[in-house]
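Engineer: Just so we're aligned, residue 1 is where the sequence shown starts under full-length UniProt numbering, counting upward by one.
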Amino acid sequence: MNDVKSLIVNKNIWLLYILAGILTLIVIYYQWMIGLFLSIVLGLIIFLGLKTEDRLRKKTEQYISTLSYRVKKVGEEALLEMPFGIILFNDEYQIEWANPYMNDFQGQDETLIGENLTTLSEDIISSIKDAEDEFWVNIDEKVYQVTVKREEKLLYFFDRTTYSDLETKYHNEETILSIIYLDNYEELTQAMDDTSKSHMNSQVTSILNNWSSDYGFYLKRTSQERFIAVMNREILEQLEATKFEILDEVRELISDQNVPLTLSIGIGRGASSLPELGEMAQSSLDLALGRGGDQVAIKNEHGKVKFFGGKTNPMEKRTRVRARVISHALRELVNESEKVIIMGHQMPDMDSIGSSVGILKMVQQNNKDGFIVFDPDGVNTGVQKLMDEIEEDESLADWFITPEQSLDIVSKNTLVVVVDTHKPSMVMEEKLLSRTEHVVVIDHHRRAEEFIEDPTLVYMEPYASSTAELVTELLQYQDGRVKLSTLESSALLAGIIVDTKSFTLRTGSRTFDAASYLRSKGADTVFVQKLLKEDLDVYIKRSELIKNATVYKEGVAIAKGNSGENYGPIIIAQAADTLLTMDGVQASFVISERKDGRVGVSSRSLGDINVQVIMEKMNGGGHLTNAATQLEDTTIEQVEEQLREIIDEYLQGGESS
Numbered sequence: 001m002n003d004v005k006s007l008i009v010n011k012n013i014w015l016l017y018i019l020a021g022i023l024t025l026i027v028i029y030y031q032w033m034i035g036l037f038l039s040i041v042l043g044l045i046i047f048l049g050l051k052t053e054d055r056l057r058k059k060t061e062q063y064i065s066t067l068s069y070r071v072k073k074v075g076e077e078a079l080l081e082m083p084f085g086i087i088l089f090n091d092e093y094q095i096e097w098a099n100p101y102m103n104d105f106q107g108q109d110e111t112l113i114g115e116n117l118t119t120l121s122e123d124i125i126s127s128i129k130d131a132e133d134e135f136w137v138n139i140d141e142k143v144y145q146v147t148v149k150r151e152e153k154l155l156y157f158f159d160r161t162t163y164s165d166l167e168t169k170y171h172n173e174e175t176i177l178s179i180i181y182l183d184n185y186e187e188l189t190q191a192m193d194d195t196s197k198s199h200m201n202s203q204v205t206s207i208l209n210n211w212s213s214d215y216g217f218y219l220k221r222t223s224q225e226r227f228i229a230v231m232n233r234e235i236l237e238q239l240e241a242t243k244f245e246i247l248d249e250v251r252e253l254i255s256d257q258n259v260p261l262t263l264s265i266g267i268g269r270g271a272s273s274l275p276e277l278g279e280m281a282q283s284s285l286d287l288a289l290g291r292g293g294d295q296v297a298i299k300n301e302h303g304k305v306k307f308f309g310g311k312t313n314p315m316e317k318r319t320r321v322r323a324r325v326i327s328h329a330l331r332e333l334v335n336e337s338e339k340v341i342i343m344g345h346q347m348p349d350m351d352s353i354g355s356s357v358g359i360l361k362m363v364q365q366n367n368k369d370g371f372i373v374f375d376p377d378g379v380n381t382g383v384q385k386l387m388d389e390i391e392e393d394e395s396l397a398d399w400f401i402t403p404e405q406s407l408d409i410v411s412k413n414t415l416v417v418v419v420d421t422h423k424p425s426m427v428m429e430e431k432l433l434s435r436t437e438h439v440v441v442i443d444h445h446r447r448a449e450e451f452i453e454d455p456t457l458v459y460m461e462p463y464a465s466s467t468a469e470l471v472t473e474l475l476q477y478q479d480g481r482v483k484l485s486t487l488e489s490s491a492l493l494a495g496i497i498v499d500t501k502s503f504t505l506r507t508g509s510r511t512f513d514a515a516s517y518l519r520s521k522g523a524d525t526v527f528v529q530k531l532l533k534e535d536l537d538v539y540i541k542r543s544e545l546i547k548n549a550t551v552y553k554e555g556v557a558i559a560k561g562n563s564g565e566n567y568g569p570i571i572i573a574q575a576a577d578t579l580l581t582m583d584g585v586q587a588s589f590v591i592s593e594r595k596d597g598r599v600g601v602s603s604r605s606l607g608d609i610n611v612q613v614i615m616e617k618m619n620g621g622g623h624l625t626n627a628a629t630q631l632e633d634t635t636i637e638q639v640e641e642q643l644r645e646i647i648d649e650y651l652q653g654g655e656s657s
């Protein structure tokens, strides 16, 4: 561009010179004396102009020459001494050239040229192969941001250690809020005198204060059974590394009633504001208590929850007062609604059907129309026998509807009662939940991370043997005498018997009270036993599973179904129950393929091993002694390998999920 401009300027000057020459010739023609003088002047101007132009050209050339040298020098200096690294590599990921910044990693007398990129970090080559344009690596206790130029086979290394240290410091100093609750403090201290109560308070406070002092966080007792703790992320990670051993320490405090005191801890982290952090901590505590207590629940800003503890079987803590309050509240909701739709979980069992029938009778007791959502697909043999009996009873069968029919009759003023589950993905018809403003949840399972959104009333008691037991208690507190037929009371009793394995597991005094009440209403135990009789083919298939069982670790038995052969969830659950009766078996796991193409795992425990947290690591859930999961796009062998790894981790360091 500058050369073009110079050419235009020179051309214009010479045009002026030519024009001046022509004018001078004209003047000479008329006045030769004046013309001669002008000719001399014009010649002198042209001479001086050419001389000046020549001098400027030489000066410009000299400046350009000097500038080129300086630019070249600066380029060399910048390339060799710039404060970031540059590496050229070949197709074999060997270093062909590196600037002095990178050579400093090898020492002053050595060079990186000829070395493989793995000399700097094992992660560099894999990141380049993964087509990452930018990644971070650690080299000699420093953190570098690496930019990749693939066409040039060029790497730029930028030191980001200060930024990384600042990020780590910010991460470690993030505020964490925790609420600590003494689960059964009120029950333990009711019968204590002031001296014993003061002694227990002193012991608990001392243990927790020592715990907070050891890890350096703030702890304050806000009531007899509640503490609040403020810490940072670094301290929380230390506590996670110890699996919250404070749970075990407090549990070792035995009261005068020979009952251990247990803790539940709810922790919130990652929230942008302190009020939100407090809500997360309280929500985590509610979740821990809903799962039976004696555990820690940690919820982050994304709603993800991690659990620690939960080693003890839940103790019966619910009171008849609470059952009466829930019963009256449910009656009010029924009376205020147009109609009631009741549904259990998919692939219903005896507990789901029995408790649904119990709620139906409660609705009818209050002169409202109630409907039970039932999908006949995927029903096991025992439930099918019960449904066959129900179909013969017109007064009961007319109130059973399909999921499609339920969507046609639901309205905003319909009350939906969900029994024996609290997970929206497991209910008989999930769309019902969004089509009404009133949802009641009645369940005896430990609360999971997935939960029905904004229920109107929740009655969750993980200490109960079954949902049928809870519903039976609710029936007792309804106004007037509840009329139950033999079939209806037997359905409720069947739910209790199946979930307690004939009153052998998770059975409390309230369980027998509920069974006694149902017996007084005409429940037929012989009829229940007929419902529970199994088919010979089912017995043989279950025996095949048990035959394939092996003892993986001391007290842990694992059984696998044959590849390509489908087993129903009831069969693998029964196989797990049977394995648990074997001598020396503390926990059993049965793996098999299902009809829906997934691989199912059913687990059982006598209580020393928490199978719930093991199944939660495999996206399942359940109880401490009874849990299961279903996995997609996998094989029996892959599931077994994953299960063994989780069991190893559990047995080595306690459980967390």
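All C-beta atoms in this analysis are idealised placements derived from N, C-alpha and C, irrespective of residue type, glycine included.
Determine the burial state of residue 64: buried for a count of at least 16 other Cβ atoms within 10 Å of its Cβ, exposed for fewer.
Structural biologist: Taking the sequence shown and counting its residues from 1, the one referred to as residue 64 is at position 64. Exposed, by the Cβ-count rule.
Engineer: Anyone know if the C-beta pair for residue 625 and residue 506 falls short of 8 Å?
Structural biologist: Counted from its first residue, the sequence shown places residue 625 at position 625. Counted from its first residue, the sequence shown places residue 506 at position 506. In this structure, the beta-carbon distance from residue 625 to residue 506 falls below 8 Å.
Engineer: Given this structure, state the Cα-to-Cα distance separating residue 2 from residue 61, to the nearest angstrom.
Structural biologist: Counting from one through the sequence shown, the residue named residue 2 turns up at place 2. Counting from one through the sequence shown, the residue named residue 61 turns up at place 61. Note that residue 2 scores a pLDDT of 49, beneath 50, so its modelled location is shaky; the value from the coordinates is reported in the next line. Going from the Cα of residue 2 to the Cα of residue 61 covers about 13 Å.
Engineer: In chain order, what residues of the same chain lie with their CB nearer than 7 Å to the CB of residue 35, ignoring the 5 residues before and after it?
Structural biologist: What you label residue 35 is simply residue 35 of the sequence shown in a count that begins at 1. Excluding residues within five positions, the ones whose Cβ falls inside 7 Å are 24, 27, 28.
Engineer: Take every Cβ of the segment 349-364, pair it with every Cβ of the segment 487-505, and state whether three or more of those distances are shorter than 8 Å.
Structural biologist: yes
Engineer: Please report the straight-line C-alpha distance between residue 640 and residue 93, rounded to a whole angstrom.
Structural biologist: Along the sequence shown, one-based indexing puts residue 640 at 640. Along the sequence shown, one-based indexing puts residue 93 at 93. Going from the Cα of residue 640 to the Cα of residue 93 covers about 39 Å.
Engineer: Going straight from the alpha carbon of residue 49 to that of residue 58, what length do you get?
Structural biologist: The residue labelled residue 49 in the question sits at position 49 within the sequence shown. The residue labelled residue 58 in the question sits at position 58 within the sequence shown. Straight-line Cα distance between these residues: approximately 14 Å.
Engineer: So residue 334 packs on residue 368, CB below 8 Å; how close in whole Å?
Structural biologist: The sequence position of residue 334 within the sequence shown is 334, counting from 1. The sequence position of residue 368 within the sequence shown is 368, counting from 1. Correct: roughly 5 Å between the Cβ atoms.
Engineer: Kindly indicate the opening and closing residues of the alpha helix (DSSP H) around residue 433.
Structural biologist: Working through the sequence shown from its first residue, we reach residue 433 at position 433. Run containing residue 433: 431-434, per the alpha helix (DSSP H) assignment.
Engineer: Using 8 Å for Cβ pairs, my map puts residue 299 next to residue 283. What's the rounded Cβ distance?
Structural biologist: Taking the first residue of the sequence shown as position 1, residue 299 is located at position 299. Taking the first residue of the sequence shown as position 1, residue 283 is located at position 283. 6 Å between Cβ atoms; contact.
Engineer: What does the alpha-carbon distance come out to for the pair residue 216 and residue 270?
Structural biologist: Along the sequence shown, read from residue 1 onward, the residue named residue 216 stands at position 216. Along the sequence shown, read from residue 1 onward, the residue named residue 270 stands at position 270. Residue 216 and residue 270 have their C-alpha atoms spaced approximately 20 Å apart.
Engineer: Return the chain-ordered list of same chain residues with a C-beta closer than 8 Å to the C-beta of residue 440, the five sequence neighbours on each side being excluded.
Structural biologist: For the purposes of this step, residue 440 is taken as residue 440 along the sequence shown, with counting starting at 1. So the qualifying residues of the chain are 330, 333, 415, 416, 417, 418, 455, 456, 457, 458, 459.
Engineer: Figure out for me which residue from 420, 483, 243, 538 has the closest Cα to the Cα of residue 462.
Structural biologist: Along the sequence shown, one-based indexing puts residue 462 at 462. When each option's Cα is compared against that of residue 462, the closest is 420.
Engineer: Determine the burial state of residue 91: buried for a count of at least 16 other Cβ atoms within 10 Å of its Cβ, exposed for fewer.
Structural biologist: Residue numbering aside, residue 91 sits at position 91 when the sequence shown is read from its first letter. Its Cβ having fewer than 16 others within 10 Å, residue 91 is exposed.
Engineer: Spatial neighbours of residue 620 within its chain, please: CB distance less than 8 Å, with the 5 preceding and 5 following residues excluded, ordered by chain position.
Structural biologist: In the sequence shown, counting from the first residue as 1, residue 620 sits at position 620. These residues qualify, in order along the chain: 601, 627, 628, 629, 630.
Engineer: Pull up the distance between the alpha-carbon of residue 585 and that of residue 545, whole angstroms please.
Structural biologist: The residue labelled residue 585 in the question sits at position 585 within the sequence shown. The residue labelled residue 545 in the question sits at position 545 within the sequence shown. Cα-Cα distance, rounded: 16 Å.
Engineer: From residue 19 to residue 56, what does the alpha carbon distance come to, in whole angstroms?
Structural biologist: What you label residue 19 is simply residue 19 of the sequence shown in a count that begins at 1. What you label residue 56 is simply residue 56 of the sequence shown in a count that begins at 1. C-alpha separation (whole angstroms): 25 Å.
Engineer: Look at residue 375 and residue 402 and say whether their C-beta atoms are less than 8 Å apart.
Structural biologist: One-based indexing of the sequence shown puts residue 375 at position 375. One-based indexing of the sequence shown puts residue 402 at position 402. Taking 8 Å as the Cβ cut-off, residue 375 and residue 402 qualify as a contacting pair.
Engineer: Where are the beta strand (DSSP E) runs, 3 residues long or more, that stay fully inside the segment 259-336, in chain order?
Structural biologist: 263-268, 295-299, 305-309
Engineer: Measuring alpha carbon to alpha carbon, tell me which residue in 358, 260, 543 is nearest residue 562.
Structural biologist: Your numbering for residue 562 matches position 562 in the sequence shown. Distances from the CA of residue 562 to each of 358, 260, 543 were compared; the closest alpha carbon is that of 543.
Engineer: Mind checking which residues open and close the beta strand (DSSP E) that includes residue 230?
Structural biologist: Mapped onto the sequence shown, residue 230 falls at position 230. It spans 226-232 - the beta strand (DSSP E) in which residue 230 sits, taken as one unbroken run.
Engineer: What is the residue span of the beta strand (DSSP E) that residue 367 lies within?
Structural biologist: Taking the sequence shown and counting its residues from 1, one reaches residue 367 at position 367. No beta strand (DSSP E) holds residue 367; DSSP gives it neither H nor E.
Engineer: Does DSSP classify residue 345 as helix, strand or coil?
Structural biologist: If you number the sequence shown from 1, residue 345 lands on position 345. It is a strand residue.
Engineer: Compare the C-alpha of residue 551 against each of 576, 569, 538 and name the closest.
Structural biologist: As a working note, residue 551 is residue 551 in the sequence shown. Looking at the Cα atoms, 576 is the closest of the given residues.
Engineer: Measure the alpha-carbon distance for residue 165 versus residue 124 and round it to whole angstroms.
Structural biologist: To locate residue 165, count along the sequence shown from 1; it is residue 165. To locate residue 124, count along the sequence shown from 1; it is residue 124. If you take the alpha carbons of residue 165 and residue 124, they lie about 21 Å apart.
Engineer: Assuming residue 209 and residue 261 form a contact by the criterion Cβ under 8 Å, report the distance between their Cβ atoms to the nearest whole angstrom.
Structural biologist: As a first step, residue 209 is located in the sequence shown; it is residue number 209 there, counting from the start. As a first step, residue 261 is located in the sequence shown; it is residue number 261 there, counting from the start. About 16 Å; that fails the 8 Å criterion.
Engineer: Assuming contact is defined by CB atoms lying nearer than 8 Å, are residue 178 and residue 309 in contact in what I supplied?
Structural biologist: In the sequence shown, residue 178 corresponds to position 178, counting from 1. In the sequence shown, residue 309 corresponds to position 309, counting from 1. It is not a contact, given that the beta carbons lie outside the stated cut-off.
Engineer: With DSSP collapsed to three states, give me the class of residue 558.
Structural biologist: Translated into the one-based positions of the sequence shown, residue 558 becomes position 558. Reduced to three states, the DSSP call for residue 558 is strand.
Engineer: Are residue 433 and residue 409 touching if we call contact CB-CB under 8 Å?
Structural biologist: Start at 1 with the first residue of the sequence shown, and residue 433 comes out as number 433. Start at 1 with the first residue of the sequence shown, and residue 409 comes out as number 409. Contact: no.
Engineer: When you compare only the Cα positions, how much space is there between residue 405 and residue 652?
Structural biologist: Counting from 1 along the sequence shown, the entry for residue 405 is found at position 405. Counting from 1 along the sequence shown, the entry for residue 652 is found at position 652. Rounded to the nearest angstrom, the two C-alpha atoms are 51 Å apart.
Engineer: Since residue 595 contacts residue 571 with CB under 8 Å, what's their CB separation in whole angstroms?
Structural biologist: Taking the first residue of the sequence shown as position 1, residue 595 is located at position 595. Taking the first residue of the sequence shown as position 1, residue 571 is located at position 571. Actually they are not in contact, since the Cβ atoms of residue 595 and residue 571 sit about 11 Å apart, beyond 8 Å.
Engineer: What's the gap between the Cα of residue 287 and the Cα of residue 246?
Structural biologist: In the sequence shown, the residue the question calls residue 287 occupies position 287. In the sequence shown, the residue the question calls residue 246 occupies position 246. Their Cα atoms are separated by approximately 19 Å.
Engineer: Skipping 5 residues on each side, what residues in its chain have a beta carbon closer than 6 Å to that of residue 450?
Structural biologist: Start at 1 with the first residue of the sequence shown, and residue 450 comes out as number 450. Excluding residues within five positions, the ones whose Cβ falls inside 6 Å are 423.
Engineer: In this structure, what does DSSP give as the bridge partners for residue 218?
Structural biologist: Numbered from its first residue, the sequence shown carries residue 218 at position 218. Paired residues: 230.
Engineer: What three-state label does DSSP hand residue 57 in the structure shown?
Structural biologist: Taking the sequence shown and counting its residues from 1, one reaches residue 57 at position 57. Judged by DSSP in its simplified three-state form, residue 57 adopts helix.
Engineer: Considering residue 156, what are the terminal residues of the alpha helix (DSSP H) in which it resides?
Structural biologist: Residue numbering aside, residue 156 sits at position 156 when the sequence shown is read from its first letter. Counting along the chain, residue 156 falls outside any alpha helix (DSSP H), though it belongs to the beta strand (DSSP E) covering 154-159.
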